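Heads up: the structure comes next, in structure tokens.
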Ligand code: GUN
Ligand code: ZN
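Numbering (my numbering), first residue to last: 13 to 454.
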């Protein structure tokens, strides 16, 4: 007989979540905001969301007795932030001076990634990375490991233990990288199949086929990546696209038969649902159309794009064209683990294009937008009943600068904008995974 109760949590606070993209004019039916709101979480899933009294009334009396209460007062409760592109093995080379993409890879990235052949290095970094994610309010990420299978094992095991919904995969790289970081078509196939068997679909994890980018894979290896992507339901793909002008010229020289950079991936079966490409800054109208038509998503990495001098992604134009876009830190090309800091930079980049990213759309981008770009919105991204209850508790008054700025009152959009512009992990009061508190600010 089954006597244990399913865990039940009642979370009180100022609840905000998105149902769709608010666009540039704050579409009123795109979000729900309950100033005196609540979430009821049963067995890790959202059972009810709404005004506090209504949610409390929805809890059956028999369940109420064993429901745990978390009272966050006036603090903001948002769905967990989604980092759609980052590299956990680069945590230790974040903030490395003075290079653009291709030199930065050779001088800093490749040497750092070489150390991940050692499981002890990988395990320690994986734990550090997941700790930082949660401290920054990020509950789901699509993460690059290194070429080493043990680097995937390390992050998958850590994420599984914390019950995170997370994607990662072994980087595939069989040319134009140091020998210690190169695999082959045959070894990549063997290791990917083995990792997929071990991790894909375990708990909340999924495997992500991860060719680093076109220049570091032979056509034969890109074809293998495309075949792997098609080989099992729900496999994902991640790579890089059109980040830097020298990179693009290199791709043109390496793949003279392809009409452009995206076409290289298209010819190898690497576009479609559950595929996402980092950066996508310098795209032709044809490439933009093909991304939209195939459901291929873009990861907007503003702190990285500014830090590496890569360029200014036009978020509004990409969305207008029908591309799914998520927000990303791109650690360690990016300069912060924080998607809050990333929104600050995203706004500044959007100003360059004279399409200022409005705050409601910005927080959609960091939550449901990211979940959609990763095709995980059936599971996460908002508080629709049945979704997995990952959420972040944000204190918009956490710093003196925020408190002073908001002293004379602010509406929701103004509060969100101040939070993204002035805020950081000091504003993350708590992070919950499947209803349970997984991080609490000391
Ligand atoms: N392109 C190929 N590899 C990388 C990487 O590690 N970081 C960034 N930003 N771009 C890349
Ligand atoms: Zn990247």
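Quick reminder that beta carbons are idealized off the backbone N, C-alpha and C, glycines included.
Everything numeric in this text was worked out from a predicted model, so none of it was measured.
For residue 264, report the span of its alpha helix (DSSP H) as first-last.
257-266
Compare the beta carbon distance of residue 228 and residue 187 with 8 Å and say whether it is the shorter of the two.
Going by C-beta atoms, residue 228 is nearer than 8 Å to residue 187.
Using 8 Å as the threshold, is the C-beta distance between residue 273 and residue 261 below it?
no
Going by DSSP, name the residue or residues bridged to residue 52.
22 and 60
Give the DSSP-derived three-state secondary structure of residue 363 in the structure shown.
helix
Do you know how far the Cα of residue 98 is from the Cα of residue 381?
16 Å
Assign residue 13 to buried or exposed, taking buried as 16 or more other Cβ atoms, counted over all protein chains shown, within 10 Å of its Cβ.
Any reading at residue 13 needs caution, since the residue's pLDDT is 42, under 50, leaving its predicted position unreliable; the model's value is listed next. Taking all protein chains in view, the Cβ of residue 13 is surrounded by fewer than 16 other Cβ atoms within 10 Å, so the residue is classified as exposed.
Kindly list the residues whose CB is nearer than 8 Å to the CB of residue 111, restricted to its own chain and excluding five residues on each side of it in sequence; keep chain order.
119, 120 and 320
In chain order, what residues of the same chain have a beta carbon less than 6 Å from the beta carbon of residue 250, not counting five sequence neighbours either side?
154, 220, 222 and 288
Return yes when at least one heavy atom of ligand 2 lies under 7 Å from the C-beta of residue 99, else no.
In this structure, the C-beta of residue 99 approaches ligand 2 to less than 7 Å from one of its heavy atoms.
Evaluate residue 37 with the Cβ neighbour count: other Cβ atoms within 10 Å of its Cβ, from every protein chain shown; 16 or more gives buried, anything less gives exposed.
exposed
What does a CB cutoff of less than 6 Å around residue 127 pick up in its chain, not counting 5 residues either side in sequence?
A distance below 6 Å between beta-carbons, with the five flanking residues on each side excluded, links residue 127 to the following residues of its chain, in chain order: 133.
Are residue 357 and residue 414 touching if we call contact CB-CB under 8 Å?
No.
Is any heavy atom of ligand 1 found at a distance shorter than 7 Å from the C-beta of residue 195?
no
Below 8 Å between beta carbons: does that hold for residue 122 and residue 190?
yes
Would you please state the rounded distance, in angstroms, between the beta carbons of residue 447 and residue 410? I believe it to be under 8 Å.
The Cβ separation is near 23 Å, so there is no contact.
Measure the alpha-carbon distance for residue 25 versus residue 67 and round it to whole angstroms.
12 Å
Look up residue 338 in the DSSP assignment and say whether it is helix, strand or coil.
strand
Is it buried or exposed for residue 209, if we count other Cβ within 10 angstroms and need 16 for buried?
With fewer than 16 other Cβ atoms from the protein chains shown falling within 10 Å of its own Cβ, residue 209 counts as exposed.
Please report how far the alpha carbon of residue 418 lies from the alpha carbon of residue 314, in whole angstroms.
26 Å
Near ligand 2, which residues have their beta-carbon less than 5 Å from any of its heavy atoms, given in chain order?
290 and 342
With which residues is residue 400 paired in a DSSP beta bridge?
57
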